Amino acid sequence: MAGSDPLTPLPPEAERSPIEMAETEGRTEDAGTTAKATAQASYLGLMWWRFKRNRLGVLGSLALLVIYAVVLPAEFVAPYALNQRHEAYLGVPPQPPRFITPDGRFTLRPIMLGLKPERDPVTLRRRFIPDPEQRYPIRLLVRGAPWTLLGIESDIHLFGVEGQGRMLLLGTDLQGRDMLSQILYGGRISLTVGMVGVAISMLLGTLIGLASGYIGGRFDDFVQRTVEVLVSFPSIPLWIALSAAIPPEWSSIRVFFAITVILSLIGWGSLARVVRGMTLSLKNEDFVQASRMNGGTTWWIITRHMFPGMLSYIIVRVTLAIPGMILGETALSFLGLGIQPPMVSWGVLLQQVQ
Numbered sequence: 001m002a003g004s005d006p007l008t009p010l011p012p013e014a015e016r017s018p019i020e021m022a023e024t025e026g027r028t029e030d031a032g033t034t035a036k037a038t039a040q041a042s043y044l045g046l047m048w049w050r051f052k053r054n055r056l057g058v059l060g061s062l063a064l065l066v067i068y069a070v071v072l073p074a075e076f077v078a079p080y081a082l083n084q085r086h087e088a089y090l091g092v093p094p095q096p097p098r099f100i101t102p103d104g105r106f107t108l109r110p111i112m113l114g115l116k117p118e119r120d121p122v123t124l125r126r127r128f129i130p131d132p133e134q135r136y137p138i139r140l141l142v143r144g145a146p147w148t149l150l151g152i153e154s155d156i157h158l159f160g161v162e163g164q165g166r167m168l169l170l171g172t173d174l175q176g177r178d179m180l181s182q183i184l185y186g187g188r189i190s191l192t193v194g195m196v197g198v199a200i201s202m203l204l205g206t207l208i209g210l211a212s213g214y215i216g217g218r219f220d221d222f223v224q225r226t227v228e229v230l231v232s233f234p235s236i237p238l239w240i241a242l243s244a245a246i247p248p249e250w251s252s253i254r255v256f257f258a259i260t261v262i263l264s265l266i267g268w269g270s271l272a273r274v275v276r277g278m279t280l281s282l283k284n285e286d287f288v289q290a291s292r293m294n295g296g297t298t299w300w301i302i303t304r305h306m307f308p309g310m311l312s313y314i315i316v317r318v319t320l321a322i323p324g325m326i327l328g329e330t331a332l333s334f335l336g337l338g339i340q341p342p343m344v345s346w347g348v349l350l351q352q353v354q
């Protein structure tokens with residue numbers, strides 16, 4: 001171009017290639033789209049978006065869902081019924097599946113070998129040795145003991161062996177009951193107590209904490225003194241004292257619900273105190289005052305403005321409380337004060353091997 005100085009530096013846009021400029025424009029458009037979507041998303045939508053970016057959190061949630069999906073339909077997933085006994089196989093050690101046949105061939109379908117009882121020549125104890133002549137392939141959807149779940153009656157189990165074979169992956173107890181089936185049935189009770197107990201504690205702690213912080217006055221003083229009394233007692237001795245008050249003639253179902261209520265009534269105090277403090281902090285914020293001046297009701301202010309602001313903390317607190325609830329039920333059942341046979345939980349199983 002006439003009159004241009006050849007020593008004048010070119011602008012940055014002229015130094016970049018068309019491909020680099022297109023990539024930059026694409027990144028700018030993506031950032032603008034993300035910012036626009038973030039601005040239009042709700043609070044729950046933002047929480048879900050951030051949660052999906054946390055890979056460990058997603059993997060942990062998937063693992064938890066798989067565990068619950070396995071233990072909840074225990075009648076179908078477990079290879080044997082809860083109280084089904086194998087009288088010829090008492091105290092059998094774990095029997096892993098085999099992918100190598102006794103003659104050295106590899107098979108994609110795992111097999112179980114039959115068991116032959118014999119006496120140990122030194123200890124004279126009864127022991128079981130694999131019998132290579134008896135081979136039972138593990139199959140899916142096999143017929144076994146009949147079961148009923150939510151009104152559905154069937155005798156189909158997820159996996160197992162057919163004929164006279166036994167699939168004792170984790171062995172049997174001294175009464176001949178399959179340990180894998182016992183663990184699945186017990187996991188349903190222990191995990192349900194933890195989940196239901198935490199849900200009740202979350203509901204009580206959140207409602208009482210919100211009411212205490214928002215109303216204030218004598219009601220706030222009464223709630224805080226009650227929380228201090230609950231927190232001052234050590235958890236395990238208090239659980240034991242309340243569990244010992246359960247009438248011994250109660251059925252297993254009533255004991256199950258009683259244990260759940262006991263764990264819930266003790267665990268809401270600390271959550272209520274934190275929620276109360278967050279409520280005191282939020283109720284003086286400008287957006288809450290603006291909603292109140294515009295005629296917003298108490299219920300509207302709490303549910304639309306204050307509760308969403310503390311929801312992320314409540315979710316984290318509840319998630320961390322679930323293992324404590326499970327350990328509480330397990331400890332009570334282990335001490336003989338929780339779930340009692342014929343129901344089974346992880347604590348009952350620990351008590352049996354004590």
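With the first letter of the sequence shown counted as 1, position 21 gets the number 21 in the numbering used here; the numbers rise by one all the way through. All C-beta atoms, glycine included, are put in the ideal place defined by N, C-alpha and C. Predicted model only: the values in this text are computed from it and were never measured.
For the candidate residues Gly328, Met343, Gly338 and Ile315, whose alpha-carbon lies nearest to that of Gly57? It is Ile315 whose Cα lies nearest to the Cα of Gly57.
Could you name the residues of the same chain whose beta carbon sits closer than 6 Å to that of Gly355, not counting the 5 residues immediately before and after it, in chain order? The chain is shown only over 1 to 354; residue 355 falls outside these bounds and no answer can be derived.
For a test of the three-state rule: what should DSSP assign to Lys283, helix, strand or coil? If DSSP states are grouped into helix, strand and coil, Lys283 belongs with coil.
From what residue to what residue does the beta strand (DSSP E) around Leu124 run? Element bounds for Leu124: n/a, residue is neither H nor E.
CB contact flag (Gln351, Ser252, <8 Å): No, the Cβ-Cβ distance between Gln351 and Ser252 is not below 8 Å.
Report the rounded CA-to-CA distance for Leu65 versus Val71, giving the unit in angstroms. Answer to the nearest angstrom: the Cα atoms are 10 Å apart.
Option nearest Ser270 by Cα separation, candidates Val231, Ala63 and Gly45: Of the listed residues, the one whose Cα sits closest to Ser270 is Val231.
Quick one: what does DSSP say Val92 is sitting in, helix, strand or coil? Val92 falls in the coil class under three-state DSSP.
Tell me the residue span of the beta strand (DSSP E) that contains Asp155. Note, Asp155: beta strand (DSSP E), Ile152 to Gly160.
Enclosing alpha helix (DSSP H) for Gly328 [first to last residue]: For Gly328, the enclosing alpha helix (DSSP H) stretches over residues Phe307 to Phe334.
For Phe128, which residues from the same chain have a beta carbon less than 6 Å from its beta carbon, with the 5 sequence-adjacent residues on both sides left out? The beta carbon of Phe128 is closer than 6 Å to those of Val92, Leu115 and Pro117 in its chain, skipping five residues each way along the sequence.
Figure out for me which residue from Thr303, Gly295, Gly217 and Ile156 has the closest Cα to the Cα of Thr206. Residue Thr303 is the option with its Cα nearest to Thr206.
Within the same chain, show all residues whose beta-carbon is closer than 8 Å to that of Leu113, passing over the 5 residues directly before and after it, in chain order. Answer for Leu113: Gln95, Arg98, Pro102, Pro130, Asp131, Pro132, Gln134, Arg135 and Tyr136, listed in chain order.
Measure the Cβ-Cβ separation of Ser264 and Ser201 and say whether it is below 8 Å. Taking 8 Å as the Cβ cut-off, Ser264 and Ser201 qualify as a contacting pair.
Three-state secondary structure (DSSP) at Arg225? Residue state for Arg225 is assigned as helix, using DSSP reduced to three classes.
Using DSSP bridges, identify the partner residues of Ile99. Residue identity differs from the one stated: residue 99 is Phe in this sequence, not Ile. According to DSSP, Phe99 bridges with nothing at all.
Tell me whether Thr192 sits in a helix, a strand or coil according to DSSP, three-state version. Looking at Thr192 - three-state DSSP - the assignment turns out to be helix.
Take the Cβ of Thr148 as the centre, count every other Cβ of all protein chains shown within 10 Å, and call the residue buried at 16 or more, exposed below. By the 10 Å Cβ count, Thr148 comes out exposed.
Flag this pair as yes or no: are the beta carbons of Ile215 and Gly338 separated by less than 8 Å? Against a cut-off of 8 Å, the Cβ pair of Gly338 and Ile215 comes out as no contact.
Helix, strand or coil, according to DSSP, for Leu140 in the structure here? Three-state DSSP puts Leu140 in a strand.
Please classify Asp178 as buried or exposed, where buried requires at least 16 neighbouring CB atoms within 10 angstroms. It counts as buried.
Cβ neighbour criterion (16 or more within 10 Å) applied to Gln182: The residue is buried, with at least 16 neighbouring Cβ atoms inside 10 Å.
Count the other CB atoms, across all protein chains shown, that sit within 10 Å of the CB of Ala63; report buried if there are 16 or more and exposed otherwise. Counting the other CB atoms within 10 Å of its CB gives Ala63 a total below 16, which places it among the exposed residues.
If we call anything under 8 Å between Cβ atoms a contact, is Val353 one with Val198? Inclusion of Val353 and Val198 in the CB contact set at 8 Å is not warranted, their separation being larger than that value.
Could you have a look at Ala272 and say whether DSSP puts it in helix, strand or coil? Residue state, collapsed to three classes: helix.
DSSP three-state call for Ala277: helix, strand or coil? The sequence given here places Gly at residue 277; Ala does not occur at that position. Helix.
Give the secondary structure of Gly205 by DSSP, where H, G and I count as helix, E and B as strand, and everything else as coil. Residue state, collapsed to three classes: helix.
Give every residue of the same chain whose Cβ lies closer than 7 Å to the Cβ of Arg126, excluding the five residues on either side of it in the sequence, and list them in chain order. Sequence-distant partners of Arg126 (beyond 5 residues in either direction) whose C-beta falls short of 7 Å from its own C-beta, in its chain, are Pro117 and Arg119.
Going by C-alpha distance, which of Arg55, His157, Ser190 and Val142 is nearest Ile67? Nearest Cα to Ile67 within the set Arg55, His157, Ser190 and Val142: Ser190.
What does the alpha-carbon distance come out to for the pair Leu242 and Ala211? One C-alpha to the other measures close to 27 Å.
According to the neighbour-count rule (16 or more other Cβ atoms, all chains shown, within 10 Å of its Cβ), is Phe106 buried or exposed? Counting C-beta atoms within 10 angstroms of its own C-beta, Phe106 has fewer than 16 neighbours from the protein chains shown and is therefore classed as exposed.
Cβ neighbour criterion (16 or more within 10 Å) applied to Ile152: Around the Cβ of Ile152, a 10 Å sphere holds fewer than 16 other Cβ atoms; the residue is exposed.
Taking only beta-carbon atoms, is Ile326 less than 8 Å away from chain D? No chain D is part of this structure, which consists of one protein chain only.
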